[in-house]
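Chains Z and U, in that order, give the protein sequences. First residue of the first sequence: 1, per the working numbering; consecutive thereafter. First residue of the second sequence: 1, per the working numbering; consecutive thereafter. Using N, Cα and C, we set each Cβ at its ideal position, and we do this for glycine too. All figures in this text were calculated on a predicted structure; none of them were measured in a lab.
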Amino acid sequence: MKQNDIMNRLQQMTDENIADIERAKSEGRSVIGFYCLYSPTEMAVAADAIPLTLCGTRNDPIAAAEEILPRNLCPLIKSSFGFAVTDTCPFFRFSDIIIADTTCDGKKKMFELLSRYKATHVLQLPQNQDPETALPLWRAELARYKTIIEEKTGVAITQDGLRGAIHLMNRERAARKALMDVNQLNPAPLPGSRLLEILFKVGFLADKEKGISLMEEIAAIAGNGGLGATTIDRKSGKRILLTGVPVGVGSDKVVKIVEQAGGAVVAFENCSGYKQAFTVDTEKDPMDALAEQYLSTPCSVMSPNTGRFDLLKEMIRDFSADGVIDLTWQACHTYNVEAFSIDEFIRDTFGLPTLHLETDYAESDTEQLRVRIEAYLEML
Amino acid sequence: MTGYYAGYYAGIDIGSRTIELVVIDEEGGIVQSLQADTGFDPIREARRLMNGVSCHQMMATGYGRNLFELSFDAPTVTEIKAHARGARAFFPDAHTVLDIGGQDSKAIALFADGRVKRFEMNDRCAAGTGKFLEIMARTLGYEIEAFGGEALNAKRDLTVSSMCTVFAESEVTSLIAKGEDRREIARGLHISVIRRAAGMINRVSGEGGIVFTGGVAKNPCMVELLKERLSREVLVPEDPQHVGALGAALLAMEAA
């Protein structure tokens with residue numbers, strides 16, 4: 001199967017997705033919208049509801065968002081809010097309730113405003129991952145979240161329901177991980193922009209089984225060399241690991257510039273990529289297991305955020321990265337500040353320089369970014 | 001290119017404000033050094049500049065490099081690497097380079113062998129660049145060539161806090177309205193640019209001499225203030241605007 005065939009099938013699934021959701025809704029199933037990786041989607045699955053990722057990676061609705069939100073705010077927050085207020089995200093429209101988290105300051109204040117447009121429940125996320133102090137708070141927060149989902153959907157969430165949900169979501173995460181791990185091969189079979197598009201589009205699918213089978217299939221073919229090596233080798237062929245803020249279709253300009261400059265983005269250490277490659281423990285009590293696993297997500301909103309350093313160390317080695325680009329969305333203070341420590345850590349551990357970029361979704365700085373990225377590839 | 005001279009190499013630096021072309025012989029000696037305003041059609045200007053120039057191989061750098069690559073099928077290199085290489089041609093031991101051009105500024109640290117170790121650049125706006133100084137000079141009624149000299153003659157430091165070109169212009173207007181001395185305002189503006197440049201340098205390298213390149217290095221007040229602020233030696237090549245083009249020419253020669 002060629003990459004084009006795969007992309008055609010994915011496009012077909014994307015086209016069918018809206019009909020799939022409409023059908024499910026007409027059968028009485030609820031739809032729960034999610035913004036952040038900290039919210040366990042298992043809770044929705046256990047209540048026989050459909051978990052949907054919400055839009056927030058395009059520049060288009062930002063102008064509308066800026067009529068209400070300050071301009072000097074991260075584009076991810078503005079885009080998410082803009083999609084909601086302009087009613088241009090079908091998944092937002094379908095959602096019966098939105099689940100959000102108190103991650104960064106910009107988001108939690110934005111959610112206050114968002115609740116004027118749609119029922120929104122905000123999980124009180126602790127600011128660190130301490131098992132003695134933070135975990136019990138988070139565990140209690142998940143219990144409250146469970147009640148809210150039960151009330152909204154009218155479905156009682158059972159232990160067995162949760163176990164089944166964890167099993168399904170573990171399978172999906174395993175398929176995502178297997179797909180991303182294909183690029184541990186050298187040369188990497190999947191160009192970063194292609195991998196990103198697959199992960200992004202599969203993330204919106206209501207029918208989890210469709211996404212799982214497609215990702216498993218691509219991983220198997222690519223792993224056997226069926227996709228052929230990436231054609232990117234024009235100038236440097238350097239293997240780049242992208243870390244930092246999430247990227248999706250519409251906010252992938254850095255990935256594209258790296259590829260145009262002849263580099264290969266082989267992996268994504270962010271919440272749209274490898275931060276999702278975890279497994280929830282199936283031996284423990286499901287609520288305890290969910291609390292533990294989700295709280296350990298290594299996002300810069302945590303202080304300290306040691307997990308990100310461990311994950312980067314593992315990924316730089318496993319993906320044989322030649323360089324690391326650390327991407328920060330403008331006004332994302334937590335990733336911006338953490339960039340200093342990340343650079344220091346990667347220099348000290350691997351002797352590699354990193355490139356820290358701060359930008360937004362607009363294209364206006366493309367040429368400035370290109371100089372930095374090309375110069376970085378020249379350095380490696 | 002009208003002829004073929006086996007031993008000659010050229011570098012062209014297509015910047016936001018000016019284009020420089022440097023031709024070198026096989027020893028790296030400068031044979032020809034030209035300059036033109038970029039204008040609105042950089043390729044036409046580049047073509048005009050190259051009329052009558054002969055070389056074996058050339059390399060392009062600067063913002064117009066990719067456009068040039070398409071039109072002339074010449075390899076490209078970023079300004080970062082080109083300035084690093086060019087600075088070394090003048091000062092073989094250089095390990096820190098500050099380049100302030102028309103619309104961007106960059107600080108570059110080099111390894112002992114001359115390779116780029118790390119770099120910092122200004123973000124998307126023209127704050128702290130040649131363009132900023134040019135607009136401020138005009139606001140104060142100075143020719144850009146005289147701006148630095150006048151600022152050097154100021155009796156005291158005056159603080160201009162805005163770095164954004166638009167805001168700084170309003171700040172300057174209000175300082176003029178308050179009756180502040182024109183030269184002191186000029187000096188304040190220079191200080192604000194240097195404060196930013198010094199921050200960039202400190203992020204990439206903590207000690208040793210600094211090679212100052214780009215058009216802004218021709219401004220004597222900038223050179224003085226940089227020395228003062230960092231207590232480090234500041235070295236300005238003979239022709240700081242041509243350093244990028246020279247670096248590109250040398251890289252063309254070394255790649256051949």
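Once you ignore the five residues that flank D25/U on each side, which residues in its own chain have a CB closer than 7 Å to its CB?
G7, Y8, V31
Kindly indicate the opening and closing residues of the alpha helix (DSSP H) around H56/U.
Here H56/U belongs to no alpha helix (DSSP H), and DSSP marks it neither H nor E.
Which chain Z residues are close to E79/U, counting only those with a beta carbon under 9 Å from its beta carbon?
V371, A375
Shorter than 8 Å from the beta carbon of R196/U to some beta carbon of chain Z?
no
Got a sec: is the Cβ-Cβ distance from D104/U to anything in chain Z below 8 Å?
yes
For A10/U, which beta-bridge partners are listed by DSSP?
V23/U, M58/U
Using a Cβ-Cβ cut-off of less than 8 Å, give me the residues of the segment 110 to 138 of chain U that come near chain Z, in sequence order.
R115, V116, K117, R118, F119, M121, D123, R124
Nearest-angstrom Cα separation, counted from L312/Z out to N305/Z:
12 Å
When the Cα of T41/Z is compared with those of F309/Z, G237/Z, Q293/Z, A222/Z, which residue comes out closest?
Relative to the Cα of T41/Z, the nearest Cα in the group F309/Z, G237/Z, Q293/Z, A222/Z belongs to Q293/Z.
Pull up the distance between the alpha-carbon of R370/Z and that of A261/Z, whole angstroms please.
8 Å
If you follow the alpha helix (DSSP H) that Q124/Z is in, where does it begin and where does it stop?
Unbroken run through Q124/Z: none, as it is neither H nor E.
Could you tell me the boundaries of the beta strand (DSSP E) in which K218/U lies?
From DSSP, K218/U is part of no beta strand (DSSP E); its letter is neither H nor E.
Can you tell me which of F40/U, E184/U, H56/U puts its alpha carbon nearest to the alpha carbon of G149/U?
E184/U
Identify each residue in the segment 36 to 63 of chain U for which the Cβ-Cβ distance to at least one residue of chain Z is less than 8 Å, and report them in chain order.
Y63
Note down, in chain order, every chain U residue with its Cβ under 8 Å from the Cβ of E378/Z.
V77, T78, I80, K81, V116
Looking at the structure shown, is R302/Z part of a helix, part of a strand, or coil, going by DSSP?
Note on identity: in this sequence residue 302/Z is Met, with Arg being the wrong assignment. If DSSP states are grouped into helix, strand and coil, M302/Z belongs with coil.
For M302/Z and Q127/Z, believed in contact at Cβ under 8 Å, the rounded distance:
7 Å
Below 7 Å CB to CB, which residues in the same chain sit around V45/Z once its five sequence neighbours on both sides are set aside?
P51, A165, L168, M169
Is E382/Z close to chain U, meaning its C-beta is less than 8 Å from at least one C-beta of that chain?
Residue 382/Z lies beyond the residue range present for chain Z, which begins at 1 and ends at 380; the question has no answer from this structure.
Can you find the residues in the same chain that come closer than 6 Å, C-beta to C-beta, to V193/U, ignoring five residues on each side of it along the sequence?
G128
Inter-stretch contact at 8 Å, needing at least 3 Cβ pairs: the segment 97 to 115 of chain U / the segment 197 to 207 of chain U:
Yes: at least three Cβ pairs fall under 8 Å.
Going by DSSP in three states, F81/Z sits in which element: helix, strand or coil?
helix
Through-space distance from F94/Z to A21/Z, alpha-carbon basis:
Residue identity differs from the one stated: residue 21/Z is Ile in this sequence, not Ala. One C-alpha to the other measures close to 8 Å.
Chain-ordered chain U contacts of Q368/Z [CB-CB under 8 Å]
D104, M121, D123, R124
Give the single residue among R139/Z, L290/Z, P70/Z, A143/Z whose Cα lies nearest to the Cα of K109/Z.
Distance check between K109/Z and each of R139/Z, L290/Z, P70/Z, A143/Z places P70/Z closest, using alpha-carbon atoms only.
Helix, strand or coil: how does DSSP classify R31/Z here?
In the sequence as displayed, the identity of residue 31/Z is Val instead of Arg. Here V31/Z sits in strand by DSSP.
Helix, strand or coil: which one does DSSP assign to K146/Z?
helix
Rounding to the nearest angstrom, what Cα-Cα distance links E257/U and S364/Z in this structure?
With chain U covering 1 to 256 only, the question about residue 257/U has no answer from this structure.
Between the segment 262 to 273 of chain Z and the segment 238 to 247 of chain Z, do three or more beta carbon pairs fall short of 8 Å?
yes
Within the chosen definition, does the segment 80 to 95 of chain U reach the segment 234 to 241 of chain U through at least 3 CB pairs nearer than 8 Å?
yes
Compare the C-beta of P353/Z against all C-beta atoms of chain U and say whether one is closer than 8 Å.
yes
For M215/Z, three-class secondary structure by DSSP:
M215/Z: helix per DSSP, three-state reduction.
Which of helix, strand or coil does DSSP assign to A107/U?
strand
Quick one: is L361/Z buried, meaning 16 or more other Cβ sit within 10 Å of its Cβ, or exposed?
Looking at the sequence itself, residue 361/Z is Tyr, so the reference to Leu does not match. Its Cβ being crowded by 16 or more others within 10 Å, Y361/Z is buried.
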